[in-house]
Amino acid sequence: MKKKSPVFQIFAYTFLSLFAIMNIIPIFWMVINSFKSEQEYSADPFSMPTGLHFSNYAEAWRIANMNVYFLNSLLITFVSLIVTVLLGSLAAYFLARFSFKLRGLTYSLFLLGMLVPIHATLIPIFLIMQKLSLIDTYLSLILPYTAFHLSLTVFILEGFMRGFPKDLEESGIMDGAGIFRIFWSIILPITRPAMATVVILNFIYNWNEYLFALVLITSNALKTLPLGLANFVGIETASYTLQMSALTIALIPIIVFYLLLQKQLVTGMTAGAVKG
Amino acid sequence: MQTLKRSRFAIFIGLFPALVIYLGIAIVPIGISLYYSLMNWNGIGSMKFIGLDNYVQMLQDDTFWLSVKNNVIIMVTGLIGQIPIGLLMALLLNRGMKGSGFFRTVGFMPVVISSVMVSLIFGMVYNTEYGLLNNLLGFFGLESWQQNWLSDSKWSMLSISVAYIWQNCGLYMVMFLAALQNIPDEVNEAAELDGATGFKKTRFITIPMLRSTLMVTIVYSISNSFRVFDLIQVLTGGGPAHQTEVMTIYMYNSAFMNLRYGYGSAASILILLFSLIVISIVNRVTREKD
Chain A
1 MKKKSPVFQI FAYTFLSLFA IMNIIPIFWM VINSFKSEQE YSADPFSMPT GLHFSNYAEA
61 WRIANMNVYF LNSLLITFVS LIVTVLLGSL AAYFLARFSF KLRGLTYSLF LLGMLVPIHA
121 TLIPIFLIMQ KLSLIDTYLS LILPYTAFHL SLTVFILEGF MRGFPKDLEE SGIMDGAGIF
181 RIFWSIILPI TRPAMATVVI LNFIYNWNEY LFALVLITSN ALKTLPLGLA NFVGIETASY
241 TLQMSALTIA LIPIIVFYLL LQKQLVTGMT AGAVKG
Chain B
1001 MQTLKRSRFA IFIGLFPALV IYLGIAIVPI GISLYYSLMN WNGIGSMKFI GLDNYVQMLQ
1061 DDTFWLSVKN NVIIMVTGLI GQIPIGLLMA LLLNRGMKGS GFFRTVGFMP VVISSVMVSL
1121 IFGMVYNTEY GLLNNLLGFF GLESWQQNWL SDSKWSMLSI SVAYIWQNCG LYMVMFLAAL
1181 QNIPDEVNEA AELDGATGFK KTRFITIPML RSTLMVTIVY SISNSFRVFD LIQVLTGGGP
1241 AHQTEVMTIY MYNSAFMNLR YGYGSAASIL ILLFSLIVIS IVNRVTREKD
């Protein structure tokens, strides 16, 4: 490595630090204030809290129905994720390892989904769900989440599976395994690295989704975390510290998730973004 | 050919479930939207075919054009904010400085936070009385700079753009970073042998090598800007007086607040159309240069 000029170093670190501070400050400020009492906060929003008012958290958890929203989000996120990955990997397998007449068309159809804004489909989906009496059910979210994330899932897995050598299946055929057996026992296990990316990506997208939930869910008992939070903050305008506690509670799991799995998440999101 | 027939059946079984859900929920509804957009319909009564009337009416609606203007603001500020900052961050981080792992981690963090959460956090930052921003200005004795960030029409779109840029910069940063790491070492070595170092190398070697990534990020940023909904819906709901409304919110309000499903569908078709047009223009312009 060559030497770098000190001027450049100063410039670089100043810029990087500014960027980092900009990213951290709003969150840091929120977390700090979530520990204050309401009076303490309105007196001085910049001071460090004098004591840790964990009571804010207990109260926010209770008033904001956080347990209900968390459970709903977990359930919907995981069911959609499992269905997406299962159906998506199966589709990716046939698209990657077989040649048939409609292969190209099917593959392009799946990719098309990444170009389409979900807003162009929102109204028909709402009306379809209404007709099927699925409005305000878990299924009304699970179906769209699955459908819209199949594109990216198929895309990433297909690309990965296509790279496998052909002899993989041949050895399976020698042993008398059928197509689905080969898929399940040979292909799926070696697809694991790409699968991890897909799972993480699906998790984040489902966990964060708002628009479908806003339109398709009405009862409080079925609201997901983003919808419930937005609703809570809209109603609970009196206490900022309570709002901040609720937001911090919701923020912690996703930050922990990110810190643990950031490498795969970054790779997945850039792959998705580049092709999206 | 026994096996061929069997595999054909297997292919069908394997693809069918995914295709049904995907086509039924993600693709066919676009066609249905198009169909509804030609109807006058409140969702309950009977549908009445009115041709292109919804579109004609929309193109004459000032609120619609206000929302288009706001989309353009988001698009332009997004492009100006996210791509240069993302690129600069990536160029700096790619030099393998101390702590670059930390900066990358912190830089990407907002990308994984949901738009709703970002919106709620910035709602507090912009709060007129208790918000971080106004308090910070007061702290530095800049009381005259304090504003009603979200309700003053001079500032509201800009405030929203800042939150939008804040949320997405990190994504462009890692996209550029990934591209930078794919530049083969030989290119860098050759450039250095020719005496290109520092800024010169960046300007004449690195940036041109990033051309295709640059195009991808531009197209991505544009198409994303047409999809902004959560952030604004939660932050301002499009108000005050439609001042921060974008096309997606216009569509949402038409269909789900005013129960004009045909009209809302026409808006959704226009969103699709506008984003496809802008993207194809960008594609054409960049291709001609090659």
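Residue numbers (our numbering), protein chains in the order written: chain A, 1 to 276; chain B, 1001 to 1290. Ideal Cβ positions, reconstructed from N, Cα and C, are used throughout, including at glycine. In this text, all values refer to a predicted model and were calculated from it rather than measured experimentally.
Sheet register partners of Lys-1048 (chain B) (DSSP bridge): Beta-bridge pairing links Lys-1048 (chain B) to B:Asn-1040.
Interface flag, Trp-61 (chain A) vs chain B, CB-CB below 7 Å: Residue-level contact by beta carbon fails for Trp-61 (chain A) and chain B, as no gap is shorter than 7 Å.
Residues of the region 23 to 39 of chain A with Cβ closer than 9 Å to any Cβ of chain B, in chain order: So the list reads Asn-23, Ile-24, Ile-25, Pro-26, Ile-27, Trp-29, Met-30 and Asn-33, given in the order they occur along the chain.
Reduced DSSP secondary structure (H/G/I, E/B, other) of Tyr-210 (chain A): In the structure shown, Tyr-210 (chain A) sits in coil (DSSP, three-state: anything other than H, G, I, E or B).
Completely contained beta strand (DSSP E) runs for the region 128 to 190 of chain A, where each covers 3 or more residues: Taken in chain order, the region 128 to 190 of chain A contains no complete beta strand (DSSP E) segment of 3 residues or longer.
Partner residues on chain A for Met-1089 (chain B), Cβ-Cβ distance less than 9 Å: Per Cβ cutoff of 9 Å: Phe-15, Leu-16 and Phe-19.
Any chain A beta carbon closer than 7 Å to Leu-1270 (chain B): Taking Cβ atoms only, chain A never reaches closer than 7 Å to Leu-1270 (chain B), which makes this a no.
Contact list for the region 69 to 95 of chain A against chain B, Cβ threshold 7 Å: Listed by position, the residues of the region 69 to 95 of chain A near chain B (Cβ gap below 7 Å) are Leu-87, Gly-88, Leu-90, Ala-91, Tyr-93 and Phe-94.
Cβ contact (3+ pairs, closer than 8 Å) linking the region 1154 to 1168 of chain B and the region 1074 to 1085 of chain B: These segments touch.
As assigned by DSSP and simplified to three states, the class of Trp-61 (chain A): The answer is helix: DSSP assigns Trp-61 (chain A) an H, G or I state.
The region 1176 to 1195 of chain B contacting the region 228 to 247 of chain A, beta-carbon criterion three pairs below 8 Å: Short answer: they don't touch.
Ser-151 (chain A), buried or exposed, once every other Cβ within 10 Å from all chains shown has been counted against 16: With 16 or more other CB atoms across the displayed protein chains lying within 10 angstroms of its CB, Ser-151 (chain A) is buried.
CB contact below 7 Å: Leu-208 (chain A) versus chain B: Per the sequence shown, the amino acid found at residue 208 (chain A) is Asn instead of Leu. Taking 7 Å as the threshold, the shortest C-beta distance from Asn-208 (chain A) to chain B falls below it.
Buried versus exposed call for Gln-1057 (chain B) [16 or more other C-beta atoms within 10 Å across all chains shown]: Counting Cβ neighbours within 10 Å, Gln-1057 (chain B) comes out exposed, since fewer than 16 surround it.
Amino acids of chain B, ordered along the chain, whose beta-carbon sits closer than 9 Å to that of Pro-117 (chain A): What Pro-117 (chain A) touches in chain B, judged by beta-carbon distance under 9 Å, is Ser-1223, Phe-1226, Arg-1227, Thr-1248, Ser-1268, Ile-1271, Leu-1272 and Ser-1275, going in chain order.
Residue closest to Ile-63 (chain A), alpha-carbon to alpha-carbon, out of A:Ala-238, A:Pro-253, A:Phe-180 and A:Ile-254: When A:Ala-238, A:Pro-253, A:Phe-180 and A:Ile-254 are compared, the shortest CA-CA separation from Ile-63 (chain A) is found for A:Ala-238.
Local Cβ density within 10 Å of Val-83 (chain A), reported as buried at 16 or more and exposed below that: By the neighbour-count rule (16 or more Cβ atoms within 10 Å), Val-83 (chain A) is buried.
8 Å Cβ shell around Ile-76 (chain A) - same chain, five flanking residues per side excluded: Correct list, in chain order: Tyr-138, Leu-141, Ile-142, Tyr-145, Asn-206 and Thr-224.
Buried or exposed by the 16-neighbour rule on C-beta atoms within 10 Å, applied to Glu-283 (chain A): Lying before the first or after the last residue shown, residue 283 (chain A) is absent from chain A, which here runs from 1 to 276.
Endpoints, alpha helix (DSSP H) assigned at Lys-1201 (chain B): According to the DSSP assignment, Lys-1201 (chain B) belongs to the alpha helix (DSSP H) that extends over 1198 to 1201.
Inter-stretch contact at 8 Å, needing at least 3 Cβ pairs: the region 147 to 166 of chain A / the region 111 to 128 of chain A: Result yes; three or more Cβ-Cβ pairs closer than 8 Å.
Within chain A, the residues that Ala-1178 (chain B) reaches when beta carbons sit closer than 7 Å: For Ala-1178 (chain B), the C-beta contacts it makes with chain A under 7 Å involve Thr-270, in order along the chain.
Cβ-based neighbour list, Gly-272 (chain A), same chain, cut-off 7 Å, excluding 5 preceding and 5 following: Leu-152 and Leu-201, listed in sequence order.
Inter-residue spacing [alpha-carbon to alpha-carbon] between Met-1039 (chain B) and Ala-1026 (chain B): Those two C-alpha atoms are separated by around 21 Å.
Beta-carbon spacing of Val-1246 (chain B), Val-1228 (chain B) below 7 Å: A contact, by the Cβ cut-off of 7 Å.
Other residues of its chain near Val-31 (chain A): CB distance less than 7 Å, five sequence neighbours each side excluded: Thr-248, listed in sequence order.
Proximity test, Val-1111 (chain B) beta-carbon vs the ligand PLP heavy atom, cut-off 6 Å: As presented, the structure is devoid of all ligands, the ligand PLP included, so that no description of it is given.
Distance, Pro-49 (chain A) Cα to Ile-125 (chain A) Cα: Cα to Cα, Ile-125 (chain A) sits roughly 47 Å from Pro-49 (chain A).
Residues from the region 114 to 141 of chain A in contact with chain B, defined by Cβ distance under 9 Å: Per Cβ criterion, the list reads Leu-115, Val-116, Pro-117, Ile-118, His-119, Ala-120, Thr-121, Leu-122, Ile-123, Pro-124, Ile-125, Phe-126, Leu-127, Ile-128 and Gln-130.
Euclidean distance between Cα positions of Tyr-1220 (chain B) and Gln-39 (chain A): C-alpha separation (whole angstroms): 45 Å.
Spatial distance of Leu-222 (chain A) from Ile-1183 (chain B) (CA atoms): Rounded to whole angstroms, the separation of the alpha carbons of Ile-1183 (chain B) and Leu-222 (chain A) is 48 Å.
Contact with chain A by Met-982 (chain B), beta-carbon distance below 7 Å: Past the edges of chain B, shown from 1001 to 1290, lies residue 982 (chain B), and the structure says nothing about it.
Ile-1083 (chain B) to Ala-20 (chain A) span [Cα, whole Å]: Our two residues, Ile-1083 (chain B) and Ala-20 (chain A), have alpha carbons roughly 17 Å apart in a direct line.
Member of B:Met-1257, B:Ala-1255 and B:His-1242 whose CA lies at the smallest distance from the CA of Asn-1071 (chain B): Of the candidates B:Met-1257, B:Ala-1255 and B:His-1242, the one whose C-alpha sits nearest the C-alpha of Asn-1071 (chain B) is B:His-1242.
CB contact below 7 Å: Phe-203 (chain A) versus chain B: No, Phe-203 (chain A) does not count as interfacial toward chain B.
Cross-chain neighbours of Pro-193 (chain A) in chain B, by beta carbon under 9 Å: What Pro-193 (chain A) touches in chain B: nothing, since even the nearest Cβ is about 16 Å away.
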